[in-house]
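Numbering (the UniProt record's numbering), first residue to last: 1 to 474.
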């Protein structure tokens, strides 16, 4: 593969004239893109880039998977339904059948499937609305560094000040609690939640839901430990709240198992899926509901675009192709080990840096948003697209497609390593990075192969769970 530099800025003039200032990714990656295949994208000038952004996790199976593409083309040529509201359709039937047989039944999970609007935030809104309807309560417990979307209900549960547009927007109905590791080593933040739930004078209103991500993607790849997650699940049960897991980014194999919560023996009451559930980058979002909580009245929660026939087609192919056996998860586990080892080399280039995350959802906390941004810019100039995350955008985040061939994965990580070394070497002599947070260092315990564990990293936070690539056999 030939990797070249960025396209000229003059190609962006129409976007400067007509597109809203709210645009963001195009400011970081200032080419005009044209085609894509697998883990490679090309701009209008024919320049190629390795894509380790993958649609912010929407393209776990890469761009334009040939089997999904062929099925979609066949559906179009057949004049198949493209839009169906919540009408029954052959494509929806095929998807639900595959989802039941390949995802739910093998994991002994019993969920009803609600098709919401096309985004993860739509499904989060439905989850919060349903939890409040079920319990008759209004309060929701969410956590520091959470990201659940930018519509008002989901935004109230999102922690990032930039997205909350405060104080102009009133965002009531959510109590913020510290995520696992937020208060440093030796402090179990679940104890604080337990104490406040049990104290009638704590000021914490009984929650309708406890909403969390097992791996906080936009929050900086913070990984919750098995013990903490189990304790939170128990607190939800004992307090009468519904446990809601937002698996929008961490699900669909990104952490190695289809659902990110599988290794921990918990069964959430509600699960939010979006991003890679369609397999092809097509808009699709689901809310999975334990049957006893499916108390909606017909039409009580709806959305015009909740029946994306094209997404049903590609999602069914994705499930059948990648989740009918164990070969795919084995391959992801192997690549996750490789990623952990190579990112440890990247962390070595910045004093105090740590590797964070789990499975193929990992990155390096370099301690400075300015440094992370400089590394990302240098990578793009050298033909690699990756983004940053965390409260200060200090984490260089790798979301390579799960299907990325080893050769391309290593090539991209070579670019990242070289860029990190170059940018780190340009830092003023004597300057010190305040690398990571107490949460990053304390909560991210090494998980993975022995080689990865011996490297200077923190590739998972499962304090009492161990397994290859940070994955734990079910």
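C-beta atoms are modelled at their ideal positions from N, C-alpha and C, and glycine is treated no differently.
None of these values were measured; they are calculated from a predicted model.
Ranked by Cα distance from residue 329, the options 388, 349, 252, 368 are led by 252.
Within the stretch 220-268, the complete alpha helix (DSSP H) segments at least 4 residues long are 226-239, listed from N- to C-terminus. In the structure shown, residue 415 falls within a helical segment according to DSSP collapsed to helix, strand and coil.
Excluding residues up to 5 positions away in sequence, 150 lie with their Cβ nearer than 6 Å to the Cβ of residue 163 in the same chain. Contact annotation: the stretch 17-37 does not touch the stretch 235-250, with fewer than three C-beta pairs closer than 8 Å. With a cut-off of 8 Å on Cβ pairs, the stretch 256-267 is in contact with the stretch 102-122, counting three or more such pairs. In this structure, residue 242 places its C-beta atom within 7 Å of the C-beta atom of residue 270. For residue 76, the enclosing alpha helix (DSSP H) starts and ends at 66-77. Taking 4 residues as the minimum length, the alpha helix (DSSP H) runs contained wholly in the stretch 9-65 are 13-18, 25-28, 54-57, in order along the chain.
Of all alpha-carbon atoms in 359, 364, 339, the one lying nearest the alpha-carbon of residue 408 is that of 339.
No residue range can be given for residue 217, since it is assigned to no beta strand (DSSP E) and is classified by DSSP as neither H nor E. Residue 142 sits close to residue 211, with the two beta carbons spaced by under 7 Å. Residues of the same chain with a CB within less than 7 Å of the CB of residue 183, apart from the 5 flanking positions on each side, are 189 in chain order. Boundaries of the beta strand (DSSP E) around residue 143: 139-143.
In the DSSP assignment, residue 196 falls within the alpha helix (DSSP H) that extends over 189-198. DSSP places residue 95 in no beta strand (DSSP E) but in the uninterrupted alpha helix (DSSP H) bounded by 90-99. As far as DSSP is concerned, residue 401 takes part in no beta bridge. The beta carbon of residue 174 sits closer than 8 Å to the beta carbons of 139, 140, 141, 142, 156, 157 from its chain, once the five residues preceding and following it are set aside; these are given in chain order. The residues 110, 111, 112, in chain order, have a CB closer than 8 Å to that of residue 291 in the same chain once the five nearest residues on each side in sequence are set aside. The Cβ atoms of residue 402 and residue 122 do not sit closer than 7 Å to each other. Shortest Cα-Cα distance from residue 395 to any of 366, 417, 323, 84 involves 366.
Counting only residues of its own chain and dropping the five nearest sequence neighbours on each side, residue 172 has a CB closer than 7 Å to the CB of 156. Between residue 302 and residue 283, the C-beta gap is not smaller than 7 Å, which leaves the two residues out of contact. By the C-beta density criterion, residue 359 is buried, having at least 16 other C-beta atoms within 10 angstroms. The C-beta distance from residue 254 to residue 57 rounds to 6 Å, short enough to fall under 8 Å. CA-to-CA, the gap between residue 425 and residue 106 works out to about 50 Å.
The continuous stretches of alpha helix (DSSP H) do not include residue 289, which lies in the beta strand (DSSP E) extending over residues 286-289.
The secondary-structure analysis by DSSP pairs residue 308 across a beta bridge with 83. The stretch 120-135 and the stretch 201-217 touch, with three or more beta-carbon pairs separated by less than 8 Å. Between the stretch 378-394 and the stretch 273-283, the count of C-beta pairs closer than 8 Å stays below three; the two stretches do not touch. Residue pairing by DSSP places residue 356 opposite 363 in a beta bridge.
Taking each of 235, 108, 355, 213 in turn and checking the Cα distance to residue 337, the smallest one comes out for 355.
In the DSSP annotation of this structure, the continuous segment of the beta strand (DSSP E) that includes residue 175 starts and ends at 174-177. Checking the DSSP bridge columns, you'll see residue 389 partnered with 395.
The three-state reading of DSSP puts residue 317 in helix, counting H, G and I together. Sequence-distant Cβ neighbours of residue 147 in its own chain, meaning closer than 8 Å and more than five residues away, are 158, 159, 160, 163, 213, 216, 217, 218, 219.
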